[in-house]
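J.: Pasting a structure below so you can have a look.
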Amino acid sequence: MAIEGLSINLATVRQQYDMRQAVEVCLKQDIVAIAPWRDQVHKIGLAEAARIVADNRLKVTGLCRGGMFPAADPEGLKAAIDDNRRAIDEAAALNADCLVLVVGGLPKGSKDIGRAREMVADGIATILPHARSAGIPLAIEPLHPMYAADRACVNTLEQALDICDLLGEGVGVAIDVYHVWWDPKLYGQIARAGANGQILAHHICDWLVPTTDLLLDRGMMGDGVIDLKRIRAAIEEAGYFGLQEVEIFSENNWWKRPGEEVLSTCVDRFRTVC
């Protein structure tokens with residue numbers, strides 16, 4: 000029987016499997032929802048990825064990722080916009096629930112984070128008509144402030160929702176616990192997002208103490224300090240009952256274990272601590 004409420008972001012087993020292999024192992028463990036990354040899709044080809052999704056009746060909770068809008072020159076900005084339009088088309092081909100946006104940090108040589116945030120809003124506004132016509136919601140994922148310079152200058156749920164309110168229909172948020180658990184405004188902003196129907200995705204993992212690598216040492220749920228059940232309760236109270244998507248980058252632990260073990264642990268922890 001399918002495991003209800005659980006999706007696996009395929010980054011969680013990216014070192015063990017390609018997309019085709021990951022789907023096979025997920026299905027053996029009754030996992031019927033996934034979130035692939037674009038490089039995983041590109042490796043096997045979009046047409047083949049779409050066939051795998053359709054033939055196995057998979058739910059795609061999101062495609063990772065679009066974004067990376069800030070650029071140092073007009074050519075860089077155009078390249079980012081063009082790539083995001085391609086990402087929207089790929090998400091549509093996979094019938095994904097949303098395209099996740101990791102918005103980008105400071106352009107090369109810049110120290111103006113305010114301007115970078117303006118470029119993010121402008122970039123999303125530029126691709127939004129294409130996303131609306133394709134039926135693909137855009138999910139802004141605020142990232143922890145440690146990534147403000149290089150990965151995402153939108154760092155709180157409040158900042159992301161301000162952009163959503165500015166741009167309107169077709170833009171929402173992906174709430175990744177790894178990035179927002181620390182925010183003193185988190186629960187108020189979850190309620191705000193829910194009131195406006197702006198929660199598009201909920202990503203789960205855990206924050207380890209100590210964390211040995213700020214990018215590649217995410218914890219398995221239950222191994223760290225994030226109050227996963229409280230956050231989920233707040234998200235459901237806000238009216239979002241979509242799947243919880245496990246997304247773990249773990250260079251020195253989970254990426255080194257057999258994929259079957261990783262996925263079975265995800266299922267067990269989802270059932271017991273999430």
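Final position of the sequence shown in numbering that gives the first Met the number 0 is 273; the numbers increase by one with none missing. No residue lacks a Cβ here, since even glycine has one placed at the ideal position from N, Cα and C.
#1: Less than 6 angstroms between C-beta atoms, sequence neighbours within five positions excluded: which residues of the same chain meet that for residue 238?
#2: According to DSSP, what are the bridge partners of residue 99?
#3: Using alpha carbons as the reference points, say which of 195, 240, 220 and 114 lies closest to residue 207.
#4: Residue range of the beta strand (DSSP E) that residue 262 falls in?
#5: Nearest to residue 15 by CA position, among 77, 260, 218 and 269, is which residue?
#6: Determine the extent of the alpha helix (DSSP H) in which residue 54 is found, giving its start and end residues.
#7: Is residue 254 helix, strand or coil by DSSP?
#8: Taking only three categories from DSSP, how would you classify residue 2?
#9: Please report how far the alpha carbon of residue 72 lies from the alpha carbon of residue 78, in whole angstroms.
#10: Apply the 10 Å Cβ neighbour rule to residue 269 and answer buried if 16 or more other Cβ atoms are within range, or exposed otherwise.
#11: Between which two residues does the alpha helix (DSSP H) harbouring residue 189 extend?
#12: Between the alpha carbons of residue 115 and residue 1, how many angstroms are there, rounded?
#13: Pairs of beta-carbons, one from the segment 158-169 and one from the segment 199-219, closer than 8 angstroms: are there three or more?
#14: Identify the continuous beta strand (DSSP E) that holds residue 123 and give its terminal residues.
#15: Under a three-way DSSP split, which group does residue 236 fall into?
#16: By how many angstroms is the C-alpha of residue 105 removed from the C-alpha of residue 28?
#17: Using alpha carbons as the reference points, say which of 150, 31, 122 and 84 lies closest to residue 162.
#18: Skipping 5 residues on each side, what residues in its chain have a beta carbon closer than 6 angstroms to that of residue 233?
#19: Please identify the residue among 37, 153, 60 and 249 whose C-alpha is closest to the C-alpha of residue 144.
#20: In the DSSP assignment, what are the bridge partners of residue 244?
#21: Hey, out of 11, 139, 7 and 229, whose CA is closest to residue 251's CA?
#22: Assign residue 42 to one of three DSSP states: helix, strand, or coil.
#23: Which residues in the same chain as residue 58 place their Cβ atom closer than 8 angstroms to its Cβ, once the five residues preceding and following it in sequence are excluded?
#24: Quick test of your reading: residue 83 and residue 202, contact by CB under 8 angstroms. State the CB separation rounded to the nearest angstrom.
#25: Would you kindly report the start and end of the unbroken alpha helix (DSSP H) that includes residue 75?
#26: What are the boundary residues of the alpha helix (DSSP H) that residue 21 is part of?
#27: Restricting to Cα atoms, I'd like to know which of 111, 88 and 112 is closest to residue 64.
#28: Contact check, residue 157 vs residue 184 under 8 angstroms by CB: the rounded distance?
T.: Taking the coordinates as given:
#1: 193
#2: 63 and 138
#3: 220
#4: Careful: residue 262 lies outside any beta strand (DSSP E), inside the alpha helix (DSSP H) at 258-272.
#5: 260
#6: 45-54
#7: helix
#8: coil
#9: 10 angstroms
#10: buried
#11: 185-194
#12: 43 angstroms
#13: no
#14: Here residue 123 belongs to no beta strand (DSSP E); instead the alpha helix (DSSP H) covers 112-133.
#15: helix
#16: 41 angstroms
#17: 122
#18: 186 and 189
#19: 153
#20: 6 and 202
#21: 11
#22: helix
#23: 6, 31, 32, 33, 96 and 242
#24: At roughly 20 angstroms, the Cβ-Cβ gap does not stay under 8 angstroms, so residue 83 and residue 202 are not in contact.
#25: 73-92
#26: 18-27
#27: 88
#28: 6 angstroms
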